[in-house]
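For the sequence shown, our numbering assigns the number 735 to the last residue and increments by one with no breaks.
See structure below.
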Amino acid sequence: MELVQDTSRPPLKYVKGVPLIKYFAEALEPLENFRARPDDLLISTYPKSGTTWVSEILDMIYQGGNLEKCRRAPIFIRVPFLEFKAPGIPTGLDVLKDTPPPRILKTHLPLALLPQTLLDQKVKVVYVARNAKDVVVSYYHFYRMAKVHPEPGTWDSFLEKFMDGEVSYGSWYQHVQEWWELSHTHPVLYLFYEDMKENPKREIHKILEFVGHSLPEEIVDRIVQHTSFQEMQKNPMTNYSTIPLDIMDHKISAFMRKGALHPPSFPPYPGIAGDWKTTFTVAQNEHFDTDYAEKMAGCSLSFRSEP
Ligand code: PPS
């Protein structure tokens, strides 16, 4: 009889004190052989902060707004995810081997685990940060549907784990602060999800300037339109629907989650910032705010948790 190994929901594995999805932790050793190129561009985020959104924007920019070219492959193939590893799917490094320069790369790693070559090569970084309350709600639902994570437990217990940094990739508080610090000495464009939501065109112009591209205004408008929540939600090249069901079960919770809660007519874009209010209790919110104030004391970053 064939022994079928259950690869679903392994416990997190700690690397240098940082908890990680077991498979991603295993990918870090091979990643030591990765060599960055000065013309690489790195997208860095804490999970659930707008990575896929900014990835699609950047691929559109690199492809000069050509929609056909952006349909060439799913986003995780067009933008290799450095530390990615999961049963039955090519690793980030496998994908990278077939990616011609100039390359757009993705990571969620905290600085303690980031391959040094990216810093040595002065690789430009687009960092996107999202307010902690929406991140933790999004992360909870992602844990439920993406079975490379351990079981999330109850919402209340997940919230505690998040505050303690006991979720994959560790502390949100440390991540947003250390990448902010890095932006003072390294070429980092530090963006906020809420700003992208408020005025995507303005933020796309910031990205264009940072990566040194210029595009006609009608192409910028096309990028705004093509990377809207509604478009990306129905696009199989951006909505992760091509990932096998035993890894991501969209019936439990969609990767592009919030569109379901907000009709497309909600002005001017669906209310993605501030959805946490439907999940946090008053007591959880008060507890979270007190803890947040302590963890973010002395930090000059300011986040908007309201639409
Ligand atoms: S991951 O798995 O960490 O790479 O996820 P990430 O892409 O960083 O974050 C997923 C959340 O981003 C939302 N999303 C968008 N919001 C607005 N506009 C666009 N175009 C867009 N694309 C993705 C996605 O819905 C997830 O947020 P939630 O709150 O769960 O819906």
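Quick reminder that beta carbons are idealized off the backbone N, C-alpha and C, glycines included.
Owing to the predicted nature of the structure, the values given are computational and were not obtained by experimental measurement.
Whether residue i touches residue j by CB criterion (7 angstroms)
| i | j | result |
| --- | --- | --- |
| residue 597 | residue 586 | no |
| residue 532 | residue 619 | no |
| residue 554 | residue 471 | yes |
| residue 484 | residue 718 | no |
| residue 651 | residue 514 | no |
| residue 648 | residue 632 | yes |
| residue 572 | residue 449 | no |
| residue 670 | residue 664 | yes |
| residue 441 | residue 453 | yes |
| residue 577 | residue 474 | no |
| residue 657 | residue 668 | no |
| residue 466 | residue 549 | yes |
| residue 558 | residue 621 | yes |
Euclidean distance between Cα positions of residue i and residue j
| i | j | result |
| --- | --- | --- |
| residue 624 | residue 478 | 9 angstroms |
| residue 535 | residue 726 | 27 angstroms |
| residue 565 | residue 486 | 26 angstroms |
| residue 778 | residue 490 | With the chain covering 429 to 735 only, the question about residue 778 has no answer from this structure. |
| residue 496 | residue 537 | 31 angstroms |
| residue 593 | residue 645 | 42 angstroms |
| residue 530 | residue 708 | 42 angstroms |
| residue 451 | residue 612 | 32 angstroms |
| residue 678 | residue 493 | 29 angstroms |
| residue 608 | residue 729 | 8 angstroms |
| residue 436 | residue 463 | 31 angstroms |
| residue 600 | residue 540 | 14 angstroms |
| residue 628 | residue 638 | 15 angstroms |
| residue 481 | residue 488 | 11 angstroms |
| residue 641 | residue 570 | 34 angstroms |
| residue 661 | residue 733 | 23 angstroms |
| residue 438 | residue 643 | 45 angstroms |
| residue 716 | residue 546 | 34 angstroms |
| residue 526 | residue 519 | 12 angstroms |
| residue 714 | residue 561 | 12 angstroms |
| residue 710 | residue 542 | 37 angstroms |
| residue 446 | residue 636 | 33 angstroms |
| residue 653 | residue 659 | 7 angstroms |
| residue 605 | residue 500 | 35 angstroms |
| residue 551 | residue 524 | 16 angstroms |
Per DSSP, cross-strand counterpart(s) of residue i
| i | result |
| --- | --- |
| residue 474 | DSSP, once it has assigned bridges, lists no residue as partnering residue 474. |
| residue 636 | Bridge partners of residue 636: none, in fact. |
| residue 435 | DSSP lists no partner for residue 435. |
| residue 446 | 443 |
| residue 535 | 472 |
| residue 517 | 514 |
| residue 509 | 534 |
| residue 556 | 473, 619 |
Residue range of the beta strand (DSSP E) that includes residue i
| i | result |
| --- | --- |
| residue 672 | Neither: residue 672 is in no beta strand (DSSP E) and is coded neither H nor E. |
| residue 458 | Looking at the DSSP string, residue 458 is not in any beta strand (DSSP E); the run it does join, the alpha helix (DSSP H), is 450 to 459. |
| residue 550 | Note, residue 550: premise wrong, no beta strand (DSSP E); not H, not E. |
Host alpha helix (DSSP H) of residue i (start-end)
| i | result |
| --- | --- |
| residue 485 | 479 to 490 |
| residue 680 | Where residue 680 is concerned, there is no enclosing alpha helix (DSSP H), given that its DSSP letter is neither H nor E. |
| residue 617 | Careful: residue 617 lies outside any alpha helix (DSSP H), inside the beta strand (DSSP E) at 616 to 620. |
| residue 650 | 645 to 654 |
| residue 498 | 495 to 498 |
| residue 573 | 560 to 573 |
| residue 501 | Unbroken run through residue 501: none, as it is neither H nor E. |
| residue 592 | Per DSSP, residue 592 belongs to no alpha helix (DSSP H) and is neither H nor E. |
| residue 766 | For the chain, the structure presents residues 429 to 735; residue 766 sits outside this window and is missing. |
| residue 657 | 657 to 662 |
| residue 604 | 600 to 610 |
Taking three-plus beta-carbon pairs below 8 angstroms as touching, is the region 450 to 462 in contact with the region 500 to 507?
no
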